[in-house]
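Before any comments, here is the structure.
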Ligand code: GLN
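In the UniProt record's numbering, the protein residues as written are 28 to 480.
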């Protein structure tokens, strides 16, 4: 009954692409059986979670919210989802997202927009749950799922978490295996948990993470028990405040929430210090070259031969089939990324764009390395504004990309970064604060998050 009520609520938000109640019930039964035998229930014993539809799930449709993968049922399970099942979790269903995780508002899905459960006070307009993990954020914020997986290439865990008043952490690049995760920009893609509390994120991240020989960029490091070492006592810690993040276009209320975040961390015993990340303003343009470049290469595999959709016009040859399949199968934003990506990688423009963007990426990483000689974690807003009504930014891709201005720098540097809810703005909408840590220091990030939440 509870499941059906949740399904009805989820239908309003359009959070799920498919639901899988049997999977969740089987996990619950398995936990009952273990309990009866007096066995350990596992880190996630019986918890029914939502799975972003970017993770391959054996026998369950996996679409990346695209038409080109509609009907695709993988023969294999992603490492991250398998890790969660091994830890006792069950799956409520596959969550909607921006198509191929490209977007910041969940308006590029072939399966329709996702709405946030939040409304601007006094209005009834459907609001964006953020993107690309918008089905995940909406389902968790609406209490349909206690937790969900997300992926973050340039902010897709943190920005939707901020827009919906929940927590989400992108761990250090390499912590979670990318094996079986539909690739967007492989040097940036990283999975992570989205949940209602820092504690839940810590527990779920431990279940998701771990070395995987099937992913060549997987970190061969032990997974810490982050939950056990959670502590909101920040005495002796230094919190860096990057002065370049005081950017034009940032809401006054977002800046106010940042000030309050500093106060909360001081109250927890930390020292707040001014730092500089001088190349911040180049991070967004560099990201929107590197990510589409990698995407254009990764998406070459969708050719109508191997997966999902095949559009084979009468009498058509192979090239025609590729063209027809890709024209019909990819959405506009995906096509825009492929065009940008192939352009910046083309012989005449490679050095001017792609090589330059890679240099900027190195400078952004160096900024962080320098900053972390002066502080332990960095505090900044997650986004320059709160959520916006669906439709407000759809015909202005640049305005949409600006959502990611505070989240892409940590992605370029591969650093662990989290968004935690800070406060509601004057419109009654949530604002999030972002904590970025040193490589492998998820603990420092989670602990600062705990002091804020
Ligand atoms: N909004 C960013 C983009 O569209 C980030 C997406 C993501 O992290 N998957 O590329």
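All C-beta atoms in this analysis are idealised placements derived from N, C-alpha and C, irrespective of residue type, glycine included.
Might you give, ordered along the chain, the residues of its own chain that have their beta carbon closer than 8 Å to the beta carbon of residue 428, omitting 5 neighbours on each side? 131, 311, 315
Residue from 41, 202, 302, 180 whose Cα sits closest to the Cα of residue 137: 41
What did DSSP end up calling residue 424 once you bin it into helix, strand or coil? helix
Range covered by the beta strand (DSSP E) that runs through residue 208: It is not in any beta strand (DSSP E) - residue 208 carries neither H nor E in the DSSP assignment.
Mind checking residue 401: buried by the 16 CB within 10 Å criterion, or exposed? exposed
Residues near residue 148 in its chain [Cβ-Cβ closer than 6 Å; skip 5 each side]: 454, 455
Using C-beta distances below 6 Å, list every residue in its chain close to residue 387, excluding the 5 sequence neighbours before and after it, in chain order. 309, 313
N-terminal and C-terminal residue of the alpha helix (DSSP H) that residue 359 is part of: 359-372
Give a single yes or no on whether residue 189 has its beta carbon closer than 7 Å to a heavy atom of the ligand GLN. no
How big is the Cα-Cα spacing for residue 432 and residue 275? 11 Å
So, helix, strand or coil for residue 415, using DSSP? coil
Length-filtered (4 minimum) alpha helix (DSSP H) runs lying within the stretch 214-294: 225-235, 279-294
Using a Cβ-Cβ distance under 8 Å, would residue 88 count as near chain B? Checking the listed chains, one finds no chain B in this structure; it contains a single protein chain.
Close Cβ partners of residue 438 (< 6 Å) along its chain, the five nearest in sequence each way excluded: 181, 215
Please return the same chain residues whose Cβ sits closer than 6 Å to the Cβ of residue 246, not counting the five positions on each side in sequence. 201, 202
Assigned secondary structure, residue 119 (DSSP; H/G/I helix, E/B strand, else coil): strand
DSSP beta-bridge partners for residue 72? The partner list for residue 72 (beta bridge, DSSP) is empty, contrary to what the question assumes.
Once DSSP output is grouped into helix, strand and coil, what is the label at residue 167? helix
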